[in-house]
Amino acid sequence: MSDRVSIKIPRPLYVRLQQVIGDSGFSSPTDFIVFVLRDLVGTLEPERLGELSQDELVAVRKKLENLGYL
Amino acid sequence: MIEAHGGRLISRIANESEQDRWREELPDLKHVTLNRRELSDVEMIATGAMSPLEGFMSQRDYEHVCEHGRLANGIPWTIPITLAVSSELIAAEQITVGENVALQDIEGTVFAVLEIADIYKVDKDHEAQTVLKTTDTAHPGVAYLQKTGDTYLGGRITMLQRPTHDRFEDFRLDPRETRFLFKEKGWDTVAAFQTRNPIHRAHEYLQKCALELVDALLIHPIMGETKSDDIPPDVRLECYNALLKGYYPAGRVAMSILPAAMRYAGPREAIFHAIIRKNYGCTHFIVGRDHAGVGGYYGTYDAHHIFKEFEALELGITPLFFDHAFYCNSCENMASQKTCPHGSDQHVFLSGTKIREMLSNGESLPPEFTRPEVSEILERHYSNEAVTVGS
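Top to bottom, those sequences are chains A and B.
Just so we're aligned: the first sequence equals residues 19 to 88 in this note's numbering.
Just so we're aligned: the second sequence equals residues 9 to 399 in this note's numbering.
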């Protein structure tokens with residue numbers, strides 16, 4: 019099974035992306051879209067929002083307790 | 009909780025999927041070796057201490073910072089955060105915009121990757137003059153610029169591995185961790201105190217004045233690269249611990265190490281230090297006399313005056329300005345030029361040279377100047393140093 023799926027976007031947008039990427043180094047609109055989406059999703063992850071994950075929370079609490087701050 | 013500078017606390021620490029992706033690419037990447045300051049900058053950027061920066065500055069940001077003390081988008085930022093390489097390296101390795109490079113330390117351990125968005129040549133004298141206000145090579149910041157490459161690489165970084173610290177690991181708290189601490193403790197207002205020296209009674213006085221106004225105090229010593237004649241970090245930490253144990257309310261004070269490198273940029277660094285502390289969640293920042301100064305390059309209160317160049321709202325963190333403080337024999341307490349009516353003959357003040365001289369001779373510092381516990385630690389340090397130098 020392929021590890022890729024197809025997503026449909028409006029053709030005018032696809033054509034516009036072809037123009038936008040121009041000589042930017044991206045080999046296709048697909049590569050560009052994957053790059054942008056990966057970046058966008060990354061910014062929405064907890065650590066990107068400055069939040070602590072559950073594991074980090076436990077570790078930080080322990081660290082602060084050892085320092086006598088909590 | 010106070011917002012990070014620019015509105016969002018940045019994290020450029022690779023998560024699991026990013027680690028996998030970058031580790032696959034690493035064998036094909038060219039390598040750039042960082043010095044200690046650049047390595048500490050990577051750590052500061054990645055943990056969000058330098059929010060809103062996500063990497064080393066592009067030419068546009070760099071020029072705006074040098075000329076205007078702001079990023080290209082207008083956000084206050086007074087110190088260039090740059091990655092210097094030689095033009096020979098760029099040519100030899102054929103490094104180009106758009107490619108990714110691995111960032112390693114001198115031992116070859118890769119800590120981060122840089123997505124190169126900009127490669128630009130710089131005029132170091134111009135940078136020194138605009139940022140450090142001098143081109144005198146006796147200034148440690150100018151000397152640093154002179155010995156680093158003439159070309160800067162700009163672009164976003166992703167940290168794959170934390171730089172290793174052989175000491176004080178427990179005392180290293182990232183912005184997300186100090187923010188968590190403040191929230192857990194219910195501290196709405198926290199004043200940060202920046203230091204690269206042992207804390208004498210004058211500093212203690214400023215901190216306690218601040219503590220009268222806010223919920224808590226964060227003692228935030230710089231333990232990144234400092235001058236060779238500064239007191240070593242382990243000795244300073246011992247001094248801070250002795251003071252905290254004996255003279256500060258445990259439930260309202262925390263100490264954490266800041267991994268930043270000193271720039272000795274005086275007033276500009278005062279703004280920079282304030283912004284960094286805002287990212288750590290502090291609402292107030294103590295600015296004393298000659299903050300981040302060195303030699304006679306800056307006026308005693310230049311670091312106070314520079315705050316007038318920015319609107320309070322755009323900085324977000326409130327500076328707490330303090331004049332020169334001392335013990336006054338007539339007042340019989342700590343005071344400053346603002347509060348004491350007596351002449352300087354009544355003030356107990358020792359210059360750095362005098363302190364070093366007394367300690368080197370095995371003399372204790374007067375208790376009006378330094379707490380005995382701190383004096384004892386410093387005396388021990390200087391006597392060990394004398395043995396080392398003499399042997």
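Note that CB positions come from ideal geometry on N, CA and C, so glycine has one too.
When 8 Å is used as the limit between beta carbons, G86(A) is near these residues of chain B: A258, in chain order. Take A80(B), set aside five residues on each side of it, and the residues of its chain with a beta-carbon closer than 6 Å to its own are R68, D69 and H72, in chain order. By the criterion of a C-beta distance shorter than 8 Å, G15(B) is surrounded in its chain by P60, once the five residues flanking it on both sides are discounted.
In the DSSP assignment, H39(B) falls within the unbroken beta strand (DSSP E) covering K38 to T41.
Contact between V78(A) and E51(B) does not hold, since their C-beta atoms are separated by about 17 Å, which reaches or exceeds 8 Å. Among the CB atoms of chain B, one or more fall inside 9 Å of the CB of K81(A).
Close to F201(B), with beta-carbon spacing below 8 Å, lies no residue of chain A; the smallest spacing is near 16 Å. Remark: C-beta atoms of E107(B) and I124(B) approach each other more closely than 9 Å. DSSP, read as helix, strand or coil, puts M366(B) in helix. Residue-level contact by beta carbon fails for E46(B) and chain A, as no gap is shorter than 9 Å. Rounded to whole angstroms, M58(B) and D353(B) show a C-alpha spacing of 44 Å.
Residue-level contact check: K286(B) does not touch chain A, since none of the beta carbons of chain A fall below 9 Å from its beta carbon. For E123(B), there are no neighbours in chain A by C-beta distance under 9 Å, as the nearest C-beta there is about 10 Å away.
Around the beta-carbon of Q154(B), fewer than 16 other beta-carbon atoms lie within 10 Å, marking it exposed. Close CB contacts of G301(B) within its chain, under the 6 Å cut and outside five residues either way in sequence, are with G274 (chain order). Scanning chain B for C-beta atoms nearer than 7 Å to the C-beta of V78(A) yields E185 and F188, reported in chain order. Below the 8 Å Cβ cutoff, chain A contributes L85 and Y87 as neighbours of A262(B), in chain order. In chain order, R184 and F188 make up the part of chain B whose C-beta sits under 7 Å from the C-beta of L70(A).
Restricting attention to K362(B), D331(B) and S359(B), the CA atom closest to the CA of T347(B) is found in D331(B). Judged by beta-carbon spacing, G162(B) lies within the 9 Å limit of M65(B), meaning their Cβ atoms are closer than that value. According to the DSSP assignment, Y255(B) belongs to the alpha helix (DSSP H) that extends over P241 to Y255. Bridge pairing for I227(B): F201(B) and M263(B) [DSSP]. From the listed residues D144(B), F357(B) and A258(B), the smallest Cα separation to K193(B) is found for A258(B). Taking P267(B) as reference, the option from H211(B), F280(B), L47(B) and K216(B) with the minimal CA-CA separation is L47(B).
Listed along chain A are K81, N84 and L85, each with a C-beta nearer than 8 Å to that of D178(B). L75(A) belongs to the set of residues whose beta carbon lies under 9 Å from a beta carbon in chain B. In this structure, DSSP gives I10(B) a state outside helix and strand, which the three-state scheme calls coil. By the CB criterion at 9 Å, S264(B) and F179(B) fall inside the cutoff.
Spanning the alpha carbons of Y288(B) and I207(B) requires a straight line of approximately 21 Å. For M52(B), the enclosing alpha helix (DSSP H) covers residues R44 to T55. N341(B) is bridged by DSSP to C336(B). Closest in alpha carbon position to K38(B), among K129(B), I103(B) and L367(B), is I103(B). Distances from the alpha-carbon of Y248(B) to those of D238(B), I227(B) and R260(B) put I227(B) closest. Cβ atoms of L214(B) and I165(B) stay farther apart than 8 Å, at about 35 Å. Close to E192(B), with beta-carbon spacing below 7 Å, are these residues of chain A in chain order: L88.
If you ignore the 5 residues before and after M9(B), its C-beta comes within less than 8 Å of the C-beta of R187, F190, K191 and G289, all in its own chain and listed in chain order.
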